[in-house]
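*Asks:* Pasting a structure below so you can have a look.
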Amino acid sequence: MKYTQLGRTGLKVSRLVLGTMNFGPQTDEADSHAIMDAALDAGINFFDTANVYGWGENKGRTEEIIGNWFAKSPDHRDKVVLATKVYGNMAADGDAWPNHDKLSALNIRRAVDASLKRLQTDHIDVYQFHHVDRRTPFEEIWQAVDTLVTQGKILYVGSSNFPGYKIAQANEIAARRGGTIGLVSEQCLYNLAERRAEMEVIPAAQEYGLGVIPWSPLHGGLLGGVLKKEVEGGRRAGGRAADSLANTTIRAQVQAYEDLLDKHGVEPGEAALAWLLTRPGVTGPIVGPRTAEQLESALRAVELELSEELLAGLDEIFPGPGPSPEAFAW
43 MKYTQLGRTG LKVSRLVLGT MNFGPQTDEA DSHAIMDAAL DAGINFFDTA NVYGWGENKG
103 RTEEIIGNWF AKSPDHRDKV VLATKVYGNM AADGDAWPNH DKLSALNIRR AVDASLKRLQ
163 TDHIDVYQFH HVDRRTPFEE IWQAVDTLVT QGKILYVGSS NFPGYKIAQA NEIAARRGGT
223 IGLVSEQCLY NLAERRAEME VIPAAQEYGL GVIPWSPLHG GLLGGVLKKE VEGGRRAGGR
283 AADSLANTTI RAQVQAYEDL LDKHGVEPGE AALAWLLTRP GVTGPIVGPR TAEQLESALR
343 AVELELSEEL LAGLDEIFPG PGPSPEAFAW
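If you use the working numbering, the sequence shown closes out at 372, no skipped numbers anywhere.
Right, here's the structure in full:
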């Protein structure tokens, strides 16, 4: 495994991030523990989750599965850089009581304590805001964060799904307050098929020293060899991938993508991950394996080197927006 610093911090994290969203809803506890064992054995030390994972009446279940894994061995928690998120409504029926969601100081305090209990740990390494809260000022958010850092309950703070201007606003207010490190990471939707983050989010992250953590690196399976799997196994795409393939232009792009990688003898899913590892500012993509086999495939991407010819071909099929502001100006 290869490692890098998380943004401008001294924290060393693996170039792949273990995403746990499937733990509980799609992968049972025993298999989830086996995947975490395999990830740690392979050198992945950065685990990502969220308080709402488990979904519906099972919100919080994913954190509980991770907590039970930590309880098996003190060595587990000592080796893992643990990241979770706050923002979502934690009510099972979706009808939150006032102040039981978003980023008020009250909810942040409540949510941290609840996550710590489920995770069976005394601190969270990277506490992430799952979405922007347009009604809570950053002065209040940073005051809550400073208290939690002083208490030793969290170490660093990151954002997720923030636009570039909110990254700038958050860190400028943190700087004015003094003594607050501000955001150190941004978790955003970013992959070959979805490159809008290159216009504002990633430049802002780089300017303020945030590590970029792309989620959905295979774009809901679209970049994982979906057309080849249809032909070979008769399995049709579902979810976001199916919706995208209904568009004939996107289907042609995906076919060209798979043909290009077949020509170079590279697996599509591994190439999509390896491409992200070449992108400026990227700390590491989140991989969310449902099985040990999917984890093994992701691990191979770390050692995969894409040729200049292949990189150029990928850019031709999935062109990015170009540099900002030239992409939308002149």
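Beta carbons: idealized from backbone N, C-alpha and C, even for Gly.
Since we're looking at a predicted model, the values are computed, not measured.
Which ranges does the beta strand (DSSP E) cover as unbroken runs of at least 3 residues, wholly within the stretch 115–149, from first to last along the chain?
*Replies:* Taking only runs of at least 3 residues, the beta strand (DSSP E) segments lying wholly in the stretch 115–149 are 123–128.
*Asks:* In three-state terms, what does DSSP make of Glu228?
*Replies:* Locating residue 228 in the sequence shown gives position 186, where the first residue counts as 1. Reduced to three states, the DSSP call for Glu228 is strand.
*Asks:* Could you check where the alpha helix (DSSP H) with Phe180 kicks off and where it finishes?
*Replies:* As a first step, residue 180 must be located in the sequence shown, where it is residue number 138. Note, Phe180: alpha helix (DSSP H), Phe180 to Gln193.
*Asks:* Determine the burial state of Tyr129: buried for a count of at least 16 other Cβ atoms within 10 Å of its Cβ, exposed for fewer.
*Replies:* Stepping through the sequence shown from its first residue, residue 129 is reached at position 87. Flag for Tyr129 reads buried.
*Asks:* Should Tyr207 be labelled buried (16 or more other beta-carbon atoms within 10 Å of its own) or exposed?
*Replies:* Sequence index remark: in the sequence shown, residue 207 carries index 165 (1-based). Classification of Tyr207: exposed, given that the 10 Å Cβ count is below 16.
*Asks:* Leaving out five residues before and five after Gln68 in sequence, what residues of the same chain have Cβ atoms less than 6 Å from its Cβ?
*Replies:* For the purposes of this step, residue 68 is taken as the residue at position 26 of the sequence shown. Here the set comprises Arg332.
*Asks:* The alpha helix (DSSP H) with Ile244 in it runs from where to where?
*Replies:* Position 202 of the sequence shown, counted from the start, is the residue given in the question as residue 244. Note, Ile244: alpha helix (DSSP H), Val243 to Glu249.
*Asks:* Quick check on Thr290: does DSSP put it in helix, strand or coil?
*Replies:* Locating residue 290 in the sequence shown gives position 248, counting from the first residue. Helix, per DSSP.
*Asks:* Where does the unbroken beta strand (DSSP E) through Leu341 begin, and where does it stop?
*Replies:* Looking up residue 341 in the sequence shown gives position 299. Taken as a continuous stretch (DSSP letters only), Leu341 belongs to no beta strand (DSSP E), being part of the alpha helix (DSSP H) at Ala334 to Glu345.
*Asks:* Return the first residue and the last residue of the beta strand (DSSP E) that Trp257 is part of.
*Replies:* As a working mapping, residue 257 is identified with position 215 in the sequence shown. Here the beta strand (DSSP E) through Trp257 covers Gly253 to Trp257.
*Asks:* What do you reckon, are the CB atoms on Pro310 and Leu265 nearer than 8 Å?
*Replies:* In the sequence shown, the residue the question calls residue 310 occupies position 268. In the sequence shown, the residue the question calls residue 265 occupies position 223. Cβ atoms of Pro310 and Leu265: closer than 8 Å.
*Asks:* From Leu287, Ala134 and Ile223, pick the residue whose C-alpha is nearest to that of Gly52; which is it?
*Replies:* Start at 1 with the first residue of the sequence shown, and residue 52 comes out as number 10. For the residues Leu287, Ala134 and Ile223, the minimum Cα distance to Gly52 belongs to Ile223.
*Asks:* Leaving out five residues before and five after His165 in sequence, what residues of the same chain have Cβ atoms less than 7 Å from its Cβ?
*Replies:* Residue 165 sits at position 123 when you count from the first residue of the sequence shown. Excluding sequence neighbours, His165 sits near Gly194, Lys195, Ile196 and Leu197.
*Asks:* Counting C-beta neighbours from all protein chains within 10 Å, is the total for Trp257 16 or more, i.e. buried, or is it exposed?
*Replies:* For the purposes of this step, residue 257 is identified with residue 215 of the sequence shown, where counting begins at 1. Buried, by the Cβ-count rule.
*Asks:* By how many angstroms is the C-alpha of Glu358 removed from the C-alpha of Ala247?
*Replies:* Stepping through the sequence shown from its first residue, residue 247 is reached at position 205. Stepping through the sequence shown from its first residue, residue 358 is reached at position 316. The straight-line gap from Cα to Cα measures roughly 25 Å.
*Asks:* Taking Cβ to Cβ, would you say Val226 is nearer than 8 Å to Leu82?
*Replies:* Position 184 of the sequence shown, counted from the first residue, corresponds to residue 226. Position 40 of the sequence shown, counted from the first residue, corresponds to residue 82. Their beta carbons are not under 8 Å apart, which means Val226 does not touch Leu82 by this criterion.
*Asks:* Tyr169 bridges to which residues according to DSSP?
*Replies:* On the sequence shown, residue 169 is found 127 positions in, with the first residue counted as 1. Looking at the DSSP assignment, Tyr169 forms a beta bridge with Thr126 and Val199.
*Asks:* Nearest CA to the CA of Gly66: which residue from Gly102, Lys54 and Gln297?
*Replies:* For this step, residue 66 is matched to residue 24 along the sequence shown. The option with the nearest alpha carbon to Gly66 is Gly102.
*Asks:* Whole-angstrom Cβ separation of Lys127 and Ser202, contact assumed at under 8 Å?
*Replies:* By 1-based counting over the sequence shown, the position of residue 127 is 85. By 1-based counting over the sequence shown, the position of residue 202 is 160. Yes, they are in contact, since the Cβ atoms of Lys127 and Ser202 sit about 6 Å apart, within 8 Å.
*Asks:* With Asn149 and Asp155 assumed to form a contact (beta carbons below 8 Å), what rounded beta-carbon distance in angstroms separates them?
*Replies:* On the sequence shown, position 107 is the one that residue 149 refers to. On the sequence shown, position 113 is the one that residue 155 refers to. Actually they do not touch by this definition, with Cβ atoms about 11 Å apart.
*Asks:* Measure the C-alpha to C-alpha separation of Val243 and Pro205 and round it to an integer number of angstroms.
*Replies:* Stepping through the sequence shown from its first residue, residue 243 is reached at position 201. Stepping through the sequence shown from its first residue, residue 205 is reached at position 163. Cα-Cα distance, rounded: 6 Å.
*Asks:* Tell whether a beta-carbon distance below 8 Å holds between Phe89 and Leu58.
*Replies:* As a first step, residue 89 must be located in the sequence shown, where it is residue number 47. As a first step, residue 58 must be located in the sequence shown, where it is residue number 16. Contact: no.
*Asks:* Report buried or exposed for Ser349, applying the criterion of at least 16 other Cβ atoms within 10 angstroms of its Cβ.
*Replies:* On the sequence shown, residue 349 is found 307 positions in, with the first residue counted as 1. With fewer than 16 Cβ atoms within 10 Å of its Cβ, Ser349 is classed as exposed.
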